[in-house]
Amino acid sequence: MAPKRTSKQSRTSWTPPNPVKNPAEWEGDQYLFERAESTDPNKPGYVFTEAAEMAQRQKWERLIANRPPKKNISSKLLAGRSRKPPLLYYGWPFQDEYMLRYARRHSLSYRPSKDMRRVLNCGEEFNFADLTDKQLADKSLVFGLTHIARLVVLTELIGATGTPLELGRPFSLEWESILVLWTNYNVEERYTPMEVYNTCDKIVKKLTKAMNEEKDQGERTKLRWWWSWDNNVGVFTSVD
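Counting in the working numbering, the sequence shown runs from 4 upward without gaps.
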């Protein structure tokens with residue numbers, strides 16, 4: 004039900020006959036899975052109608068507005084022995100290609116597979132700073148390297164801060180990923196060592212700088228609590 008690009012459609016659309024109105028499948032009076040026969044010869048079959056695609060996006064935008072990022076969360080959202088709240092991430096959101104540019108700026112390297120070495124025309128190790136304009140123009144290659152760079156940068160930042168970090172997907176249409184300092188399930192486990200050694204402020208400062216190398220002060224990516232996209236859709240429908 005995530006937003007999809009608009010596809011060419013015929014006038015013939017399909018909705019279930021006498022549909023049972025499951026609220027999860029509707030946005031107002033629009034059925035979210037309404038389909039029409041495709042008019043694109045390269046994509047035969049049925050595709051979402053424009054009305055359905057628009058309603059899908061409207062629903063996601065409404066649900067996301069209902070669960071914005073927060074500086075602080077209530078104690079009832081912290082996991083405990085008898086509490087299993089929805090998953091939240093505490094971290095810095097980013098666009099995936101930011102990590103590729105970061106890896107290039109910092110001359111980070113990784114050991115590609117044999118097939119990838121042939122594609123990149125490199126030896127046992129590939130330095131992201133060596134990417135050529137021709138390679139950067141290859142969208143498929145950039146897509147693959149971007150996801151590799153995410154993990155390479157993650158490993159680099161873990162080493163630089165000496166603290167466990169992870170990647171997640173925030174509940175947002177604006178941001179693709181988030182660098183997670185901790186979640187509402189492991190905050191005590193992650194924070195305690197920082198408190199003992201008095202390193203939390205230093206680590207946060209270092210990571211905030213790393214995640215904002217391309218931004219002016221007023222545009223900085225801030226450390227916030229974000230709802231995880233992996234939660235069940237029902238989690239986002241309540242306004243409590």
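Here a beta-carbon is modelled for each residue, glycine too, at the ideal position from N, C-alpha and C.
Query, Result
"Assigned exposure category for residue 96 - 16 Cβ within 10 Å defines buried", "buried"
"Validate contact between the stretch 80-96 and the stretch 113-129 using beta carbons, cut 8 Å, 3 pairs", "no"
"Identified DSSP bridge partners for residue 186", "92"
"For residue 238 and residue 64, the rounded distance between their alpha carbons", "14 Å"
"Residue range of the beta strand (DSSP E) that includes residue 86", "Taken as a continuous stretch (DSSP letters only), residue 86 belongs to no beta strand (DSSP E), as it is neither H nor E."
"Beta-carbon proximity of residue 102 to residue 163, cut-off 7 Å", "no"
"Rounded separation between residue 76 and residue 61 - CA only", "26 Å"
"At least three beta-carbon pairs within less than 8 Å, the stretch 217-233 to the stretch 171-179", "yes"
"Under 7 Å between C-beta atoms of residue 179 and residue 118", "no"
"Cβ distance (whole Å) where residue 216 is taken to contact residue 108 below 8 Å", "7 Å"
"Reference residue 207, options 177, 218, 165, 189, closest by Cα", "165"
"Reference residue 27, options 224, 59, 50, closest by Cα", "59"
"N- and C-terminal bounds of the alpha helix (DSSP H) containing residue 120", "117-123"
"Sequence-distant residues of its chain with Cβ nearer than 7 Å to residue 227 (five each side left out)", "72, 73, 74"
"Cα-Cα separation, residue 203 to residue 197", "5 Å"
"Whether residue 185 touches residue 93 by CB criterion (7 Å)", "yes"
"Cβ-based neighbour list, residue 209, same chain, cut-off 7 Å, excluding 5 preceding and 5 following", "163, 164"
"Residue 227: first and last residue of the uninterrupted beta strand (DSSP E) it sits in", "227-230"
"First through last residue of the alpha helix (DSSP H) which encompasses residue 165", "Run containing residue 165: none; DSSP gives neither H nor E here."
"Whether residue 50 touches residue 105 by CB criterion (7 Å)", "no"
"Residue 226 beta carbon near the ligand FMN (any heavy atom closer than 6 Å)", "As far as ligands go, the structure on display features none, and thus does not contain the ligand FMN."
"Where residue 236 sits in the DSSP three-state scheme", "helix"
"Contact check, residue 168 vs residue 161, beta carbons under 7 Å", "yes"
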